[in-house]
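Presented below is the structure to which this report refers.
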């Protein structure tokens, strides 16, 4: 992943997740952490992914349950002026995590949001929560601070 794009993803904490279900297109906001999963076969760190928490009983949770569901998303800070607008647009696949993958993703989420560990109610809720991985396939950083419409793109395998 391009270092500028990774830095932009690290700089934000909320993404707008867009998906399509039987009722049509929809979007929702979720807190996320950047997560670098370790590949079981090689033990190597894979491409960065985004991890978020949601219940499979929500509309977006139900839409994502089949696994490897295509989604689109944006991540940017609120309250920006258009001349300095910076954010990331992306497309990828979502799936629910389990076992060792879930445990590793939960650790990344706790590092990003340490207050979760310090609030007993949140900590207990996180132990029971479903964690989801969004594996980007295409990313675009828009940085108007470097010139109107400045873009840096990354795609899987490209």
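In full-length UniProt numbering, the protein residues as written are 1 to 158. Just so it is clear, CB atoms sit at the ideal spot from N, CA and C, and this is done for glycine as well. Note that the structure is a prediction, hence the values are computed from the model and not measured.
With residue i and residue j assumed to form a contact (beta carbons below 8 Å), what rounded beta-carbon distance in angstroms separates them?
{"i": "residue 89", "j": "residue 51", "result": "Actually they are not in contact, since the Cβ atoms of residue 89 and residue 51 sit about 19 Å apart, beyond 8 Å."}
{"i": "residue 64", "j": "residue 19", "result": "7 Å"}
{"i": "residue 2", "j": "residue 53", "result": "26 Å between Cβ atoms; not a contact."}
{"i": "residue 71", "j": "residue 92", "result": "6 Å"}
{"i": "residue 95", "j": "residue 67", "result": "4 Å"}
So, is residue i buried or exposed, given that buried needs 16 or more other C-beta atoms within 10 angstroms?
{"i": "residue 37", "result": "buried"}
{"i": "residue 58", "result": "exposed"}
{"i": "residue 73", "result": "buried"}
{"i": "residue 108", "result": "buried"}
{"i": "residue 60", "result": "buried"}
On a Cα-Cα basis, can you pick out the residue from the options that is closest to residue i?
{"i": "residue 155", "options": "21, 149, 136", "result": "136"}
{"i": "residue 76", "options": "96, 55, 7", "result": "7"}
{"i": "residue 34", "options": "144, 104, 125", "result": "104"}
{"i": "residue 153", "options": "138, 125, 146, 25", "result": "138"}
{"i": "residue 55", "options": "24, 15, 48, 97", "result": "97"}
{"i": "residue 47", "options": "140, 134, 128", "result": "134"}
So what's residue i in DSSP terms, helix, strand or just coil?
{"i": "residue 77", "result": "coil"}
{"i": "residue 122", "result": "helix"}
{"i": "residue 129", "result": "coil"}
{"i": "residue 25", "result": "strand"}
{"i": "residue 161", "result": "No information on residue 161 is available, as it lies outside the stretch 1 to 158 that the chain covers here."}
{"i": "residue 64", "result": "helix"}
Legend entry - Contact the region 83-98 vs the region 109-116: 3+ CB pairs below 8 Å: Touching, no, given that fewer than three Cβ pairs across the two stretches are closer than 8 Å.
Inset, instruction - Count the C-beta pairs between the region 11-26 and the region 114-131 that are closer than 8 Å, then say yes if the count reaches three, no if not. - result: Contact between the region 11-26 and the region 114-131 is absent, because fewer than three Cβ pairs lie under 8 Å.
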